[in-house]
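What follows is one structure encoded as structure tokens, with my remarks underneath.
Residue numbers (my numbering): 7 to 250.
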């Protein structure tokens, strides 16, 4: 393992990213510790997905540095990918394979032993074990999202990046996912969740971040936030008003 670059599990320093003339991230500085559950809020176009895509090594930042679990994101990409589980707007599922066939494929990709038992447990944990033999193409969008959650966690990653994980889920699906987040929290996993649903996002987190126009507007422990009036705080932050 590479020499630890800093004391934080995830360390982001002066990160910037532009697409053409549009600066999506503007000098972002963030630090997360092992076991942090982070709720990342922001309006459409704020830079949330871009940040997740950079952390997951799908795209590169233009400026700044990132270390994840002691690895430099510029030079040790594969080591970082081994640490990560990513749920993105793309489900990465093969439509003409069954749910089980998809998950077996990804389990073998990660060289997971005894994957049958692991897959069964994970399917049960999100309430879709009964769908294991159905073709993915025949599933609803919400059911596909549940399968994608299992795919994300199939290799028991230490860092879980969830970009809008509640999209398409019904009430039952959201409850299953919140329980999974609670279980991951007990396992000391580091999780970053982007969502527009303030209530669901705040449910299990210990840190809250608000990003708008590519800049961090709030980076605070949940203990220092009045959850009951957070919606008003959030609206003021993204409107660039100062909260006393």
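Every residue, glycine too, gets a C-beta built ideally from N, C-alpha and C.
If you draw a straight line from the Cα of residue 210 to the Cα of residue 187, it is about 7 Å long. Along the region 62–124, the beta strand (DSSP E) occurs as fully enclosed runs of 3 or more residues at 69–74 and 90–93, listed in sequence order.
Under the DSSP assignment, residue 207 falls in the alpha helix (DSSP H) whose first and last residues are 204–208.
Residue state for residue 138 is assigned as coil, using DSSP reduced to three classes. Residue 143 and residue 232 have their C-alpha atoms some 43 Å from each other.
Beta-bridge annotation (DSSP): residue 23 is paired with 31.
Assigned with DSSP and collapsed to three states, residue 188 falls in helix. Judged by pairs of C-beta atoms under 8 Å, the region 117–128 does not touch the region 173–180, as fewer than three such pairs exist. Of all C-beta pairs linking the region 194–214 to the region 40–58, three or more are shorter than 8 Å, placing the two stretches in contact. Contact between the region 99–113 and the region 71–82 is not established, with fewer than three Cβ pairs separated by less than 8 Å. In terms of Cβ geometry, residue 216 and residue 208 do not form a close pair [threshold 8 Å]. Cβ-Cβ separation between residue 60 and residue 66: approximately 7 Å, consistent with a contact (criterion under 8 Å).
Using a Cβ distance threshold of 8 Å, residue 218 and residue 52 count as a contacting pair.
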